[in-house]
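**Q** What follows is a single structure, and I will ask about it in a moment.
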Amino acid sequence: MVVLDGLGYADMKYLWDEICRFDSSKRLTLSQADVAFAPLPTITECAKPALLKGVRPSLADAQPDLGRVLTKDEQVKQALAEAVAGDLIIWKDPEPDRTYHNSSCKEVALKNARGILGGFAHRLTELVLRVPAEKPLQIVVTTDHGRLMAESSRLHALPEGALSRQRAALGDFGLRESLEIRDDVAYLHRSAYGLPKDCAVLLSGDAFVTQDGRQGVDAYPHGGIFPEEVLIPWWVIERDCRADHPGVQLLGKGVAGRSGRFRLRIQNPNPIPLEAESLNVVSPQVLAFSVQSAIPPMDMVEWELEMPTWPTSRELEQFVVRLFYRLPDQRLAEVDAEVHLEVEEMYQQGDNPLEDLL
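Here this note's numbering is used: the first residue of the sequence shown is 14, the next is one more, and so on.
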């Protein structure tokens with residue numbers, strides 16, 4: 014499990030693109046591109062221990078890590094070499110959060126963070142591809158919190174006795190309710206949210222002033238409850254798992270020249286989910302059917318669709334139908350469908366109604 018500090022969802026997509034660029038042999042496949050909910054508040058000191066130990070933040074101090082937590086490339090390399098099936102190795106890195114915090118403005122922060130992510134993608138790809146092929150390996154990439162994808166002005170004074178954490182503040186606020194909202198600040202009771210201290214989070218896009226009262230602007234801050242801070246990536250990467258095209262079939266019977274209904278059957282032979290997008294008839298007619306739906310791993314789905322004009326036998330001989338679908342990393346792929354349509358025709362060209370009289 015790779016835990017990158019403050020890796021927002023957009024950062025995860027960029028990281029995967031970089032991994033694909035360095036994986037020249039195409040041995041890595043994205044099998045899952047989900048989102049998870051980070052603990053509140055979305056700050057490292059609360060969220061990361063909860064992630065590494067699998068418990069609420071208030072219980073993290075008394076719990077062991079879920080796996081062996083390492084920070085250096087050589088340590089991870091050695092651990093993978095010694096690992097056996099079932100071992101969990103956690104590679105923890107302070108980036109890209111550190112780079113975002115150390116940058117002077119939004120443009121510089123994003124540029125520097127992308128550089129850091131590109132370098133890490135190279136290191137990660139090299140490391141996992143060196144693990145012997147006979148050793149089963151699955152890589153989960155996630156983070157402790159996301160971040161606001163914008164600048165945030167430090168406009169809010171800290172509650173008395175609180176510790177400033179950009180868009181959050183920690184302290185003892187004497188709360189009586191699990192949630193108390195005062196103006197644009199939400200106060201979260203430690204017991205209700207499983208926190209070591211009470212927490213204040215901003216409901217606006219602003220941030221708290223620093224501990225010494227400085228105002229100014231934070232680039233890509235976190236600590237609040239905006240979706241990009243709370244929804245974090247949970248991506249699973251498989252090694253040497255080839256994705257085959259799904260099997261696609263069109264089945265049905267209709268009368269030539271009239272509207273008719275047919276069944277679309279899609280079979281996914283892969284251990285990863287696929288996303289059907291559209292079914293296109295490219296010859297001799299030009300038709301498009303929206304079939305946006307998930308196709309679970311090793312499963313089959315069917316739809317009933319309507320053909321505006323059922324083809325003739327001759328047209329059916331020229332039928333070319335393609336399914337467009339997406340892999341978990343959102344790459345678009347296409348595959349030709351097998352056409353098993355039947356036609357009822359009152360008249361077929363070449364028939365001679367007087368033939369029996371000769």
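Beta carbons are placed, not taken as given, at the ideal position from N, Cα and C, and that holds for glycine.
Quick one: what does DSSP say residue 50 is sitting in, helix, strand or coil?
**A** Three-state result, residue 50: strand.
**Q** With distances taken Cα to Cα, identify the nearest neighbour of residue 19 among 43, 41, 107, 89.
**A** With distances taken between Cα atoms, residue 19 lies closest to 107.
**Q** Going residue by residue through the stretch 22-109, where are the continuous alpha helix (DSSP H) segments of at least 4 residues, counting only ones entirely within it?
**A** For the stretch 22-109, whole alpha helix (DSSP H) runs of length 4 or above, ordered along the chain, are 22-35, 57-66, 86-95.
**Q** Is residue 136 near the ligand SAM, with its Cβ less than 7 Å from a heavy atom?
**A** Of ligands this structure carries none, so the ligand SAM is not represented either.
**Q** With a CB to CB cut of under 6 Å and the five nearest residues on each side skipped, what residues in its chain are close to residue 125?
**A** The residues are 112, 116.
**Q** For residue 243, does the three-state DSSP call read helix, strand or coil?
**A** In this structure, residue 243 counts as helix in the three-state DSSP scheme.
**Q** Pull up the CB-CB distance for residue 252 and residue 41, whole angstroms please, since I reckon it's below 8 Å.
**A** The Cβ separation is near 6 Å, so the contact holds.
**Q** Drop a sphere of 10 angstroms on the beta-carbon of residue 243, count the other beta-carbons inside from all chains shown, and report buried for 16 or more, exposed for fewer.
**A** With 16 or more Cβ atoms within 10 Å of its Cβ, residue 243 is classed as buried.
**Q** For residue 151, which residues does DSSP report across the bridge?
**A** Answer is 251, bridged to residue 151.
**Q** So what's residue 299 in DSSP terms, helix, strand or just coil?
**A** It is coil, neither helix nor strand.
**Q** If you drop the 5 nearest sequence neighbours on each side, which residues of the same chain put their C-beta closer than 7 Å to that of residue 25?
**A** Counting only Cβ-Cβ distances below 7 Å, and skipping sequence neighbours, we find 154, 246, 248.
**Q** With a cut-off of 8 Å on the beta carbons, I'd call residue 335 and residue 293 a contact; round off their distance for me.
**A** That pair is a contact at about 5 Å.
**Q** Would you mind sorting residue 267 into buried or exposed? The rule is 16 or more other CB atoms within 10 Å of its CB.
**A** Burial call: buried.
**Q** Drop a sphere of 10 angstroms on the beta-carbon of residue 212, count the other beta-carbons inside from all chains shown, and report buried for 16 or more, exposed for fewer.
**A** Result: buried.
**Q** Under the three-state reduction of DSSP, which class applies to residue 267: helix, strand or coil?
**A** Residue 267 falls in the strand class under three-state DSSP.
**Q** Report yes or no: do three or more beta-carbon pairs, one from the stretch 309-320 and one from the stretch 260-279, lie closer than 8 Å?
**A** Touching, per the Cβ criterion.
**Q** Where are the alpha helix (DSSP H) runs, 4 residues long or more, that stay fully inside the stretch 279-361, in chain order?
**A** Segments of the alpha helix (DSSP H) lying fully in the stretch 279-361: 326-330.
**Q** Rounded to the nearest angstrom, what separates residue 179 and residue 149 at their Cα positions?
**A** Each residue's alpha carbon lies about 41 Å from the other.
**Q** Leaving out five residues before and five after residue 174 in sequence, what residues of the same chain have Cβ atoms less than 6 Å from its Cβ?
**A** Correct list, in chain order: 184.
**Q** How would you label residue 55, buried or exposed, when you count the other beta carbons within 10 angstroms and need 16 or more for buried?
**A** Result: buried.
**Q** For residue 45, collect the residues of the same chain with a Cβ closer than 8 Å to its Cβ; drop the 5 residues on either side in sequence, then sort them by chain order.
**A** So the qualifying residues of the chain are 247, 248, 249, 285, 286, 341.
**Q** Going by other Cβ atoms of all chains shown within 10 Å of its Cβ, with 16 needed for buried, is residue 59 buried or exposed?
**A** When all chains shown are included, residue 59 counts as buried.
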